[in-house]
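Asks:
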Amino acid sequence: MEKIIIFDTTLRDGEQSPGASFTVEEKIKVAKQLEKLNVDVIEVGFPASSQGDFEAVREVCREVPGPVITALARTIPSDIERAGEALKEAKRGRIHTFIATSPIHMEYKLKMRPSKVLELAVKAIKMAKGYTFDVEFSPEDASRSEPTFLYELIEAVIEEGATVINIPDTVGYAVPEEFENLIQNIIKNVPRIKEITLSVHCHNDLGMATANSLTAIKGGARQIECTINGIGERAGNASLEEIVMALKTRSDFFHFFTEINTVEIYRTSQLVSHLTGMIVQPNKAIVGKNAFRHEAGIHQDGVLKKAATYEIMTPSSIGLEKGELVLGKLSGRHAFKERLEKMGIQMENSQLEMAFKAFKDLADKKKEVFDEDLISMVEEQTLKIPEVYSLEYIHTVSGNKILSTATVKVKKGDKIFQEAACGDGPVDAAYRAIDRITGERLTLIDYSIHSVTRGKDALGEVVIKVQEKGNLITGRGISTDIIEASVNAYLNAINRLIYRERKPFKE
Ligand code: KIV
Ligand code: ZN
34 MEKIIIFDTT LRDGEQSPGA SFTVEEKIKV AKQLEKLNVD VIEVGFPASS
84 QGDFEAVREV CREVPGPVIT ALARTIPSDI ERAGEALKEA KRGRIHTFIA
134 TSPIHMEYKL KMRPSKVLEL AVKAIKMAKG YTFDVEFSPE DASRSEPTFL
184 YELIEAVIEE GATVINIPDT VGYAVPEEFE NLIQNIIKNV PRIKEITLSV
234 HCHNDLGMAT ANSLTAIKGG ARQIECTING IGERAGNASL EEIVMALKTR
284 SDFFHFFTEI NTVEIYRTSQ LVSHLTGMIV QPNKAIVGKN AFRHEAGIHQ
334 DGVLKKAATY EIMTPSSIGL EKGELVLGKL SGRHAFKERL EKMGIQMENS
384 QLEMAFKAFK DLADKKKEVF DEDLISMVEE QTLKIPEVYS LEYIHTVSGN
434 KILSTATVKV KKGDKIFQEA ACGDGPVDAA YRAIDRITGE RLTLIDYSIH
484 SVTRGKDALG EVVIKVQEKG NLITGRGIST DIIEASVNAY LNAINRLIYR
534 ERKPFKE
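So for the sequence shown, my numbering puts the first residue at 34; every next one is plus one.
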């Protein structure tokens, strides 16, 4: 069996999902988890696009030594220079440069003739080779490009030293058979193709990203670019967990393997979902809440008799253990730490202390504390960005025949601020009161709430998206009280905004 290289672009293309932005610390956290998942390549960002991405690439190179670390760059010299600088300390760094090659992109977007595009591509490879030996090239919108131009350009960039050629189905237009043919034709018509690794990068606009990636493997591709939970630009990218589990579950058909540590899949999916605020749809293949649930009586009966009747893979193969009742009010530090370690969560002592305190508070409010509760709570603790504003007190009054009001006390530094406001419901009233305190003008674009586990006393997780000057920011809050969770999510969004802009404190 031959190996398929897994190139994860959650932190670059995945971040292009509307509203899904990561801080530098969050990128490091995800990259460390991707390293545990044992991906081969991590695309951390696009250093020329922001200082944050530059720092994220540099820091991941320092802190995540296992995988190849990749930085994206257009064929513009300043982009390549920035990517090269960010990758300076990488053990194994790769510059990934791209330019569009389809007639529609060249004519309308680039306003360039094909000969100019070819010239820029070749020059970019030459320059990138000055920074890293490993250079990947992507002809953007390859699936809508003229095949003969594509062959010519690919041959030219290989000649210049490209080590990986990635064929993107940028707009998710391809269908599996056609995409497989494209890959086969590239192999047939590019004489030097054997010198490089052939990769694909499929988008999911027609729901065929996974199928296209898998047929591309049959066609000869050996690297797959994908993201956790399939997040990414528009309808997203091919989902890592689908590709990996398809190759594993149907190895009898594909005869390929990956080196992915599949038991880390569920945890990675949850982490990315928490950080992006993009809740995984319940029926999502592999990592959705329902992926291993059997509802029909006949199915349940079958699974009880022999799981393989209706389960083609086991929940434990992706690291999903049954929602075990783990700890209670009387559990001690040791049991708490042990349980976290069993779930693969390691914390420094100071973080552990804070998490233990939060667990005790939760166990006071909630009879049963499940693994999912612990994961949510711990993420909340360890991913905290500096809290400029934190909630001290909230009191709301609401009903079906009265105007809702909220009184909110918020701590900032060592000062307490208090405001009251009316609103369309208690959450709106509380948000208006907070706006009066912070002076921020945020537009609420999206609000969602879901329960982390079952039961009336379940933890409620609120995820909001707010807009400020065209930027979408995600806020997340958890509590057994949904108003408190909503307020925490709003303050979290404001703190993120301040952190991102590194705004000085307004006193
Ligand atoms: O979809 C695309 O074409 C891309 C390239 C930058 C590889 O993301
Ligand atoms: Zn893409």
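Each residue gets a CB set at the ideal place from its N, CA and C atoms; glycine is no exception.
Taking its Cβ as the centre, do 16 or more other Cβ atoms sit within 10 Å of Y164, making it buried, or is it exposed?
Replies: buried
Asks: At the level of alpha carbons, what is the spacing between L395 and I351?
Replies: 28 Å
Asks: Ordered along the chain, which non-local residues of its own chain (more than five positions away) have a Cβ less than 7 Å from that of E452?
Replies: Here the set comprises V441, A466, R469 and I470.
Asks: Taking the C-alpha atoms as reference points, what is the distance between A244 and V496?
Replies: 31 Å
Asks: Can you tell me whether DSSP reads A526 as helix, strand or coil?
Replies: helix
Asks: In chain order, which continuous runs of the alpha helix (DSSP H) of length 4 or greater are located wholly inside the segment 271-345?
Replies: Runs of the alpha helix (DSSP H) lying entirely within the segment 271-345 and spanning at least 4 residues, in chain order: 273-282, 284-287, 298-309 and 330-338.
Asks: At a cut-off of 7 Å, is D46 close to the ligand NAD when judged by its beta-carbon and the heavy atoms of the ligand?
Replies: Of the ligands one can find in the structure shown, namely the ligand KIV and the ligand ZN, none is the ligand NAD.
Asks: Counting pairs of beta carbons, one from the segment 235-253 and one from the segment 146-157, are three or more of them closer than 8 Å?
Replies: no
Asks: Give me the Cα-Cα distance between E473 and N382, rounded to the nearest whole angstrom.
Replies: 35 Å
Asks: Threshold first: 4 residues or longer. Then list the alpha helix (DSSP H) segments lying entirely within the segment 84-133, N to C.
Replies: 84-96 and 110-119
Asks: Let me confirm a value: D514 is counted as buried when at least 16 other C-beta atoms fall within 10 Å, else exposed. Which label applies?
Replies: exposed
Asks: So, are the CB atoms of E76 and F131 less than 8 Å apart?
Replies: no
Asks: Let me know the secondary structure DSSP gives Q451 once reduced to three states.
Replies: strand
Asks: Taking 7 Å as the cut-off, does the CB of L337 come closer than this to any heavy atom belonging to the ligand KIV?
Replies: Outside the cutoff, so no.
Asks: Between Y206 and V411, what straight-line distance do the alpha-carbon atoms span, to the nearest angstrom?
Replies: For Y206 and V411, the distance between alpha carbons rounds to 40 Å.
Asks: Quick check on the DSSP output: what are the complete beta strand (DSSP E) runs of length 3 or more inside the segment 456-511, in order along the chain?
Replies: Every beta strand (DSSP E) stretch that sits fully inside the segment 456-511 and reaches 3 residues is listed by chain position as 476-484 and 493-501.
Asks: I'd like to check one pair, N504 with I418: are the Cβ atoms closer than 8 Å?
Replies: Not in contact: I418 and N504 (Cβ atoms no closer than 8 Å).
Asks: Which word fits I216, buried or exposed, when buried means at least 16 other C-beta atoms lie within 10 angstroms of its C-beta?
Replies: buried
Asks: How many Å lie between E289 and I38 at the Cα?
Replies: Going by the sequence as given, residue 289 is Phe instead of Glu. It is roughly 10 Å from the alpha-carbon of F289 to the alpha-carbon of I38.
Asks: Under 8 Å by Cβ, that's how I've got I198 and S50 pegged, so tell me the actual separation to the nearest angstrom.
Replies: A Cβ-Cβ separation of about 26 Å leaves I198 out of contact with S50 under the 8 Å criterion.
Asks: Please list, in chain order, all residues of the same chain as S484 whose beta carbon is under 8 Å from its beta carbon, the five residues on each side excluded.
Replies: A491, L492, G493 and E494
Asks: Give me the residue from K60, F286, E58 and K448 with the minimum Cα distance to M34.
Replies: F286
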